[in-house]
Amino acid sequence: YEELQNELFKEEVRRKELDEERQTSMSRGIDAYEDGDYENGLQLLLKARELGADSLDLMFYLGATYQKTMRYDEAIEAYRAVLDQDPMDTVTRYNLARILEKLDRKREALREYQVIMKHDPEDEEVRERAFELAMEMQE
309 YEELQNELFK
319 EEVRRKELDE
329 ERQTSMSRGI
339 DAYEDGDYEN
349 GLQLLLKARE
359 LGADSLDLMF
369 YLGATYQKTM
379 RYDEAIEAYR
389 AVLDQDPMDT
399 VTRYNLARIL
409 EKLDRKREAL
419 REYQVIMKHD
429 PEDEEVRERA
439 FELAMEMQE
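Numbering (this note's numbering), first residue to last: 309 to 447.
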């Protein structure tokens, strides 16, 4: 019985250490991103994911970091993972639309802007981007 208790205690300690390491990696990755150190931030965020982190914040910052490092396919994948769980996240949707524009996927970008406008019709910047994009597509 005592041996079982010791094993359970050790397992709990290992779980807490893993949780702490996961949280530290994610926190340091976000800090690095916000400091403009995108490569280091990306490595730390990926480490957090390898350790089991899977929050919307992690996926958003992975997307943003991939976007800053011009790894657009990975950014799209990360942003879509966020939107699958939170379709009304307009910041993520806007970032996704901007990437789609860069990749000349104008129709997809316009659809993303239209979703944002349905949720927030007063967003002047999004309305302007959508209008400009629609005009480009008419040419």
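Idealized CB from N, CA, C, for every residue including glycine.
All values reported here derive from a predicted model rather than from experimental measurement.
Legend entry - Simplified DSSP assignment, three categories, for Glu436: In the sequence shown, counting from the first residue as 1, residue 436 sits at position 128. Three-state DSSP puts Glu436 in a helix.
Inset, instruction - Check whether the Cβ atoms of Tyr369 and Ile338 lie closer than 8 Å to each other. - result: Along the sequence shown, one-based indexing puts residue 369 at 61. Along the sequence shown, one-based indexing puts residue 338 at 30. Judged by their CB atoms, Tyr369 and Ile338 are nearer to each other than the 8 Å cut-off.
Inset, instruction - Over the uninterrupted alpha helix (DSSP H) stretch that includes Arg413, give me the two end residues. - result: On the sequence shown, residue 413 is found 105 positions in, with the first residue counted as 1. Segment: none, Arg413 is in no alpha helix (DSSP H) and carries neither H nor E.
Inset, instruction - Would you kindly check if the distance between the Cβ of Ala356 and the Cβ of Arg330 is under 8 Å? - result: The count along the sequence shown starts at 1 and reaches residue 330 at position 22. The count along the sequence shown starts at 1 and reaches residue 356 at position 48. When the beta-carbon positions are compared, Arg330 and Ala356 come within less than 8 Å of each other.
Inset, instruction - Leaving aside the five residues before and after Arg401 along the sequence, list all residues of the same chain whose C-beta is less than 7 Å from its C-beta, in chain order. - result: For the purposes of this step, residue 401 is identified with residue 93 of the sequence shown, where counting begins at 1. So the qualifying residues of the chain are Leu391, Glu420, Val423 and Ile424.
Inset, instruction - Can you have a look at Ser335 and say buried or exposed, based on whether 16 or more other CB atoms are within 10 angstroms of its CB? - result: One-based indexing of the sequence shown puts residue 335 at position 27. It is exposed - the Cβ of Ser335 has fewer than 16 other Cβ atoms within 10 Å.
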